[in-house]
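Chains as they are written, first to last, in UniProt numbering: chain A, 1 to 219; chain B, 1 to 219; chain C, 1 to 328; chain D, 1 to 328. We put the beta carbon where it would ideally sit given N, CA and C, even for glycine. The model shown is predicted, which means the values in this text are computed figures rather than measured ones. Below is one structure, written out as structure tokens, with a few remarks after it.
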Amino acid sequence: MNALPDAPVDASFLLRWLDTSATVLDREANRLTLLDSPIGDADHGTNMRRGFIAARTAVGQEPPDTPGGVLTAIGRHLISTVGGASGPLYGTLLRRAGKQLGDEPAVGAERLRDALRAGVDGVAQLGGAAAGDKTMLDALLPALDAMDTALAGGGSTTEVLDAAAKAAAEGAEATTPLRARKGRASYLGDRSIGHQDPGATSSALLVAALADTAREASA
Amino acid sequence: MNALPDAPVDASFLLRWLDTSATVLDREANRLTLLDSPIGDADHGTNMRRGFIAARTAVGQEPPDTPGGVLTAIGRHLISTVGGASGPLYGTLLRRAGKQLGDEPAVGAERLRDALRAGVDGVAQLGGAAAGDKTMLDALLPALDAMDTALAGGGSTTEVLDAAAKAAAEGAEATTPLRARKGRASYLGDRSIGHQDPGATSSALLVAALADTAREASA
Amino acid sequence: MLINVPETVVADALRGIAIAHPELTVDVERRVIIRRGAPYEGKVGLVSGGGSGHEPLHGGFVGRGMLTAACPGEVFTSPVPDQMVRAAAAVDSGAGVLFIVKNYTGDVLNFDMAAELAEDEGVQVAKVLVNDDVAVTDSLYTAGRRGTGATLFVEKLAGAAADEGAPLDRVASIARQVNEASRSFGVALSACSTPAKGGPTFDLPDGELELGIGIHGEPGRERRAMMTSGEIADVAVDAVVEDLRPEAPVLLLVNGMGATPLLELYGFSAEVHRALTERKVSVARTLVGNYVTSLDMAGASVTICQADEELLRLWDAPVSTPALRWGC
Amino acid sequence: MLINVPETVVADALRGIAIAHPELTVDVERRVIIRRGAPYEGKVGLVSGGGSGHEPLHGGFVGRGMLTAACPGEVFTSPVPDQMVRAAAAVDSGAGVLFIVKNYTGDVLNFDMAAELAEDEGVQVAKVLVNDDVAVTDSLYTAGRRGTGATLFVEKLAGAAADEGAPLDRVASIARQVNEASRSFGVALSACSTPAKGGPTFDLPDGELELGIGIHGEPGRERRAMMTSGEIADVAVDAVVEDLRPEAPVLLLVNGMGATPLLELYGFSAEVHRALTERKVSVARTLVGNYVTSLDMAGASVTICQADEELLRLWDAPVSTPALRWGC
Ligand SMILES: Nc1ncnc2c1ncn2[C@@H]1O[C@H](COP(=O)(O)OP(=O)(O)O)[C@@H](O)[C@H]1O
Ligand SMILES: Nc1ncnc2c1ncn2[C@@H]1O[C@H](COP(=O)(O)OP(=O)(O)O)[C@@H](O)[C@H]1O
Ligand SMILES: [Mg+2]
Ligand SMILES: [Mg+2]
Ligand SMILES: [Mg+2]
Ligand SMILES: [Mg+2]
């Protein structure tokens, strides 16, 4: 456990997260599209890049002043620009999370976890997928569980999000041996086995961006 | 100069030539099509095979009893079955040659040469090509010249046709460095240089089949 | 690829469609293609859409007797709800709007969101899900059967009903009937190349083919050594006939995936016809062409739709769109 | 390839065309596609043909307001005279027959022979040679310019004149006027594969293209590194405009070679339109699609035809064929 002060999750924090996410997705777009190629339709990277770059521009122009407002705005823009399965799913995740935060000006790791949990529940509800179906949930659910554990252990925001990032990355990797049961990859049946899920991979990148934002804030 | 007796060129001779030609073209069809690929439209082999196999069947059913009749009939069937540039050209060659022979029951090498000369003139007239234009004429014209020389030297039919076959083969090979000025290959301009002309190659095969027929007849 | 940059492929195409088809209103910015003159008084509006790369589906089917509007997404990416909301508002005459949605997670989610938003704006919306692809078997463990070739049948037949002035519930029930009476099966002889990826979406060596493909460049359920046109027709016809077991004459669509020459497609359609006849299925109408494509994929799909008298009448009804036109 | 064996490709396709198009009479044995009901009393018959592999050209253009008959040869091989003689006899009402011949040695020779034979049988025959391809430059040292995209313009406009009852010399002179007013330029992004060869007719590495191609899978005059759609449009438009120097609005055909997705082709057509406008050429009508193809070749061609009032009227006149239909 390090001794750095805990960075508050406020509007500025999430705007920096958006900026980092857009940059990371821009850089990783080709890899995500390549992952979406053998078991999908080769567009996940371009979808995510398009959406996050558009959201960064739009949200940056009139930035909301609460963390809930920022997440809701990003979610709305993702829905309007991503398309595909991931657009409504990520859009719903962030909108639900944002709504859950209400208009509080700043929150700690616990409230953030609760909001993300609500968002991820929204994804499960909308898409009908469960853990092990080889979707983004297989990165997101482990991330939430890791946050629970880290919070129970009294970790700082940075530590909690680091744990989440690690679990999300592991969860994404662990999709490789799975047989897809939702989304396009499911059409392939057993042939979906042996490929990492692109949506789980982008989820891991987004959670990692959260951890990076926290680390930089507390540095 | 060998001492074999001179085989007369009669209907049976030319029917055997047709049979040999159809067999050779069937075997060499792929090579001719491959030659027609870089500088043409990849069909010369299938065109020639289709035409000569059809002609063999059709002419074989009601074989004419004069060499002129056989050539005219083959020519007519080629026109009706080959298509492309080579159909009318080869068809005209054989029809003109056949007409030139009239209804003589059998001829020698000199009359055969005259008939072929008339046929090749027909090709030049119909297609408007000249020596050096990278067409079948570049095999046919040297073959005629070689017949002239061999006849002047008093050669037998076999010897005359062997000389023709040799000259046609050399003529076909000599088309490689030429720039095409007629037919499809001409569209390529300088890019036609470096490829052997498919029509000259099939002409060389047909002349070689004449020589083979003569050699077998006199064996 | 004959493109400028991947990012502008859809917008560039929309500019081209606008020039070539003055009978359509093309909103390049908002990505909606609308039949000129819409809304049509008293008539139900038909809105469809989906990822781009399947042309002429859907934009090429906008016009009299078929769609009133189409919403093209990015290549192989469902459109966003804003497009369908805009299209619904533009074509609703008060008689309501039918959303024709191919069954893909992305399309379903985005059209669902759009329907909610459009209804909030006072448009009555009905939805039909097209899921005709028999290659997707265990639908319990998948996202369910995909919408492929039958989309053309649904758009044509529901469009004819709407053109006749049928009310929304009737147009929707015809659309559902057509979907339920339709089955498809597709085969790829090559993968397709998306602008984003810049190369083939999967590796398919020469001399092999994929059976049971969708229309998004995804590989099929099974890879086999190359078969003849007749053998492929037998496999495809078996798949659709065993699943549908038609008891009436069928509408037949022999559809090219994009790069299959018409010469080959017509030859294949003769084999499909033979295979159907051998299985005692009679064919009432035959349509052959590249209609529901997958960019430059080589291959074909077979769709049949069991047709009663009314569906046959609706099939023969006038249609006037860029890609399908007869009777007027 | 989606075929049975190379030898039956054309016959298989003709069987498929017969099934899909009951409005055509297809003689599979003799390889002639005839508009049902021909000969049409008092009307000039239009007969075209050429190698197969360019579908829908020519069979897809048989019908009201366009061709009366088409003669498909083997793949990329001119038809034989017997086919055109048969077609001429079938469509001649006594008003005579126009042969529309693309300028290739094989087509010219076979149609010439057919014309002689048909005339022997009492049919009055006129011929028009289509040679619109500006990529063939020094025509003194070649077989002359090739017939490509302008064939569609000639068949449509002469067909409309024949449909109106114009006499043979008039139909022929319109056909010649259209050819003289037309120019084309084509580009390949991939070679095509013929059934006979079983593979690509030439090697074109990814990232390179061929400029100035014909429609028989032959390579072009020049190979270049890949260019954008806009750059290709500039090259093609320069080539046709500099050669024609049109002084009136043009008909524009943006034609796909077979495997170019419509999505890309529409985007390319927007660039062609831009390039023409920049060069002060105004476009009266635009047609975009895969019409004069080269099997599964990826690429496109641009054809313009300078149109006076009469040609515009003939262009807009009703046409009803499998591949081109409007106004009826
Ligand atoms: N029903 C679902 N629930 C949760 N996630 C899903 C579902 N369907 C798909 N996904 C996720 O979406 C990703 C694909 O997104 P993307 O490629 O952008 O959309 P599309 O599949 O429409 O092309 C998958 O890798 C998967 O993680
Ligand atoms: N004008 C011509 N005169 C003589 N021979 C010609 C002429 N044009 C083409 N040829 C010959 O025809 C051959 C091509 O025949 P083929 O491939 O069967 O016909 P096509 O060119 O119509 O496909 C060429 O290789 C050439 O030898
Ligand atoms: Mg995808
Ligand atoms: Mg050839
Ligand atoms: Mg997608
Ligand atoms: Mg040829």
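Excluding the five sequence neighbours on either side, which residues of its own chain have a C-beta within less than 7 angstroms of the C-beta of residue i, listed in chain order?
i                 : result
Leu189 of chain C : Leu209, Ala298 and Gly299
Val283 of chain C : Pro249, Val250, Leu252, His273 and Leu276
Ala200 of chain A : Thr135, Met136, Asp138, Ala139, Gly171, Ala172 and Thr175
Ala54 of chain A  : His77 and Thr81
Met1 of chain C   : Ser193 and Pro195
Short of 6 angstroms in beta carbon distance, which residues of its chain neighbour residue i, apart from the five on each side in sequence? Order them along the chain.
i                 : result
Ala211 of chain A : Leu161, Asp162 and Ala165
Arg113 of chain B : Met147
Ala169 of chain B : Ala204
Arg223 of chain C : Glu208 and Glu210
Pro322 of chain D : His21 and Gly60
Gly63 of chain D  : Arg35, Ser320 and Thr321
Pro142 of chain B : Ala167 and Gly171
Give me the Cβ distance between residue i and residue j, rounded to the nearest whole Å; I'm assuming they're in contact under 8 angstroms.
i                 : j                 : result
Arg36 of chain C  : Thr25 of chain C  : 5 angstroms
Asp163 of chain D : Ala317 of chain D : 7 angstroms
Ala7 of chain B   : Phe13 of chain B  : 7 angstroms
Arg156 of chain C : Val302 of chain C : The sequence given here has Lys at residue 156 of chain C, not Arg. Not quite, the Cβ-Cβ distance comes to about 17 angstroms (not below 8 angstroms), so this is no contact.
Phe76 of chain C  : Pro38 of chain A  : The pair is not a contact, with the Cβ atoms about 14 angstroms apart (cut-off 8 angstroms).
Ser52 of chain C  : Gly84 of chain A  : Going by Cβ atoms, the distance from Ser52 of chain C to Gly84 of chain A rounds to 12 angstroms, so no, they are not a contact pair.
Of the residues the options, which one's Cα is nearest the Cα of residue i?
i                      : options                                   : result
Met84 of chain C       : C:His54, C:Val125 and C:Gly65             : C:Val125
Leu15 of chain A       : A:Leu71, A:Leu35 and A:Ser218             : A:Leu71
Glu278 of chain D      : D:Gly230, D:Gly65 and D:Ala175            : D:Gly230
Gly45 of chain B       : B:Ala219, B:Ala214 and B:Asp197           : B:Asp197
Val288 of chain C      : D:Val97, D:Glu55, D:Gly50 and D:Glu271    : D:Glu55
Gly214 of chain D      : D:Leu263, D:Asn103 and D:Ala11            : D:Asn103
Gly199 of chain D      : D:Cys305, D:Ala191 and D:Arg313           : D:Ala191
Ser92 of chain C       : C:Lys43, C:Gly50, C:Gly59 and C:Cys71     : The residue asked about is misnamed: residue 92 of chain C is Asp in this sequence, not Ser. It is C:Lys43 whose Cα lies nearest to the Cα of Asp92 of chain C.
Ala233 of chain C      : C:Leu263, C:Gly186, C:Thr194 and C:Ala196 : C:Gly186
residue 263 of chain A : A:Ala109, A:Ala180 and A:Ala185           : Because chain A in this structure spans residues 1 to 219, residue 263 of chain A falls outside the shown range and cannot be described.
Ser269 of chain C      : C:Asn255, C:Ala259, C:Ile174 and C:Lys280 : C:Asn255
Asp133 of chain B      : B:Tyr187, B:Leu94 and B:Ala106            : B:Tyr187
Gln125 of chain B      : B:Leu89, B:Asp26, B:Leu18 and B:Arg27     : B:Leu89
Ala118 of chain D      : D:Tyr141, D:Ala89 and D:Ala18             : D:Ala89
Pro205 of chain C      : C:Ala225, C:Arg221, C:Leu109 and C:Glu29  : C:Ala225
Looking at the strands, I want to know which residues DSSP matches up with residue i.
i                      : result
Lys102 of chain D      : D:Val130
Ser48 of chain C       : C:Ala70 and C:Ile100
residue 338 of chain D : Lying before the first or after the last residue shown, residue 338 of chain D is absent from chain D, which here runs from 1 to 328.
Val281 of chain D      : Beta-bridge pairing links Val281 of chain D to no other residue.
Leu24 of chain C       : C:Arg35
Gly289 of chain D      : D:Asn255
Ala106 of chain A      : A:Asp10
residue 336 of chain C : Any question about residue 336 of chain C goes unanswered here, given that chain C covers just 1 to 328.
Met297 of chain D      : D:Gly258
residue 330 of chain D : Summary: the structure shown does not reach residue 330 of chain D, with chain D confined to residues 1 through 328, and so no result is reported for it.
Val125 of chain D      : D:Val97
To which residues of the same chain is residue i closer than 8 angstroms at the C-beta, ignoring the five residues directly before and after it?
i                 : result
Gln100 of chain B : Gly68, Asp114, Ala115, Ala118 and Gly119
Gly165 of chain D : Gly42 and Lys43
Gly128 of chain A : Lys182
Asn2 of chain A   : With a pLDDT of 45 at Asn2 of chain A, under the threshold of 50, the modelled position of that residue is not reliable, and no figure is offered here.
Gln177 of chain D : Leu311
Checklist entry - Can you list the beta strand (DSSP E) stretches of 3 or more residues lying completely in the region 137-219 of chain D, in chain order? => result 182-188 and 208-211
Checklist entry - In the region 233-277 of chain D, which residue ranges form an unbroken alpha helix (DSSP H) of at least 4 residues, counting only runs that do not cross its ends? => result none
Item to check | Uninterrupted alpha helix (DSSP H) stretches inside the region 300-326 of chain C (no shorter than 4 residues) | outcome: 309-316
Checklist entry - For the region 67-134 of chain B, which segments carrying the alpha helix (DSSP H) assignment without a break, of at least 4 residues, lie completely within its bounds, in sequence order? => result 67-81, 86-101 and 109-127
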